[in-house]
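Positions 1 to 72 (our numbering) are the ones given, in order, by the sequence shown. Data first, discussion second: the structure below is written as structure tokens.
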Amino acid sequence: MLYSHVTLLMLRVVDVVAKTTVQQSPRMLVADIPGDIQIGALFPLHRQASGIEGCGVIWEQYGIQRTEIALK
1 MLYSHVTLLM LRVVDVVAKT TVQQSPRMLV ADIPGDIQIG ALFPLHRQAS GIEGCGVIWE
61 QYGIQRTEIA LK
């Protein structure tokens, strides 16, 4: 019984969070699609540039394509 209450609470929290708008900061861009549940995913969108902390070139095959599939 406790598990069902926790599950319902988590679904309600996810529902509220899913209805938020796109948030953008200097270090993060969040895409949001309204729905019943929200599943987080992290994908490397840029190749790692050696010797610097900034972003490298966009990694199309492993970054952008996987992100597009996750958003469908």
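Note that the Cβ used here is the ideal one computed from N, Cα and C, for glycine as well.
Per DSSP, what are the beta-bridge partners of residue 58 in this structure? The partner list for residue 58 (beta bridge, DSSP) reads 46.
By Cβ distance, which residues of its chain are closer than 7 Å to residue 45, with the 5 residues on each side in sequence left out? Leaving aside the five residues that flank residue 45 on each side, the residues in its chain whose CB is nearer than 7 Å to its CB run, in chain order, 58, 59, 63, 64 and 67.
Quick one: what's got a C-beta closer than 6 Å to residue 47's C-beta in the same chain, skipping five residues either side? So the list reads 56, 57 and 59, once near-sequence residues are dropped.
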